[in-house]
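Engineer: Take the sequence shown: its letters are residues 2 to 151, numbered as in this note's numbering. Don't be surprised by glycine CBs; every beta carbon is placed ideally from N, CA and C.
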Amino acid sequence: MSRRRDDGTDRRGDDDSLAEQALSTSADDDRRVRAIRGATTLDADTREQVIARTQELLGAVYARNELHEEDVVSIVFTATEDISSAFPAEAAREAGISHVPLLCARELEIDGGIERCIRVLVHAYTTRHRRELRHPYLHGARQLRTDLPE
């Protein structure tokens with residue numbers, strides 16, 4: 002790939018821009034960024050439950066989709082308003098997920114919505130097709146997506 006410099010000469014090889022390097026893929030790399038969803042519920046709003054159930058949820062996302070930390074681009078957590086004892090991202094850090102950007106947000110409060118629920122959206126590189134991804138819905142959150150395989 003070449004680019005014209007301001008002086009009219011070509012730029013090639015090692016001088017490729019960072020953006021070009023990031024966008025280039027090798028012929029044998031069929032990985033795509035995919036989004037993997039999941040959710041869990043708590044029996045009680047305690048720090049211990051937030052940490053344990055969030056780690057269980059992340060473990061299920063990683064195991065069911067054969068992910069490793071270097072595959073993961075980012076993780077977004079949401080929690081219902083009745084969870085205030087700990088950040089779900091804290092559980093990820095305690096589990097050793099240290100080089101992945103994490104974000105926590107408040108889930109919308111909807112009449113009849115599920116209580117004490119933590120949801121996760123993991124963006125990761127994988128060779129799996131969308132229909133091959135496994136989205137874990139654990140404990141009381143299973144009712145949210147009964148259409149998905151376990």
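State the DSSP-derived secondary structure class of L134, mapped to helix, strand or coil.
Structural biologist: Taking the sequence shown and counting its residues from 1, the one referred to as residue 134 is at position 133. Looking at L134 - three-state DSSP - the assignment turns out to be coil, as it is neither helix nor strand.
Engineer: Could you name the residues of the same chain whose beta carbon sits closer than 8 angstroms to that of E110, not counting the 5 residues immediately before and after it, in chain order?
Structural biologist: Position 109 of the sequence shown, counted from the first residue, corresponds to residue 110. These residues qualify, in order along the chain: T81, E82.
Engineer: Taking 8 angstroms as the threshold, find out whether the segment 121-137 comes into contact with the segment 67-78 through three or more Cβ pairs.
Structural biologist: Touching, yes, given that three or more Cβ pairs across the two stretches are closer than 8 angstroms.
Engineer: So, with DSSP's three-state summary, where would you put C118?
Structural biologist: Residue 118 sits at position 117 when you count from the first residue of the sequence shown. The answer is strand: DSSP assigns C118 an E or B state.
Engineer: So what's I52 in DSSP terms, helix, strand or just coil?
Structural biologist: Here residue 52 is taken as the residue at index 51 of the sequence shown, counted from 1. Helix.
Engineer: So, does the segment 130-144 touch the segment 39-56, judging by three or more C-beta pairs under 8 angstroms?
Structural biologist: At 8 angstroms Cβ cutoff, the stretches touch.
Engineer: Suppose the cutoff is 7 angstroms on Cβ atoms and the five residues either side in sequence are ignored; what does the same chain contact list for Q50 look like?
Structural biologist: Residue mapping note: residue 50 aligns to position 49 of the sequence shown, counting from 1. Within the same chain, Q50 has close Cβ partners L43, D44.
Engineer: Quick one, which of T127, G114, L103, D31 has its alpha-carbon nearest D72's?
Structural biologist: For this step, residue 72 is matched to residue 71 along the sequence shown. Of T127, G114, L103, D31, the residue nearest in Cα terms is T127.
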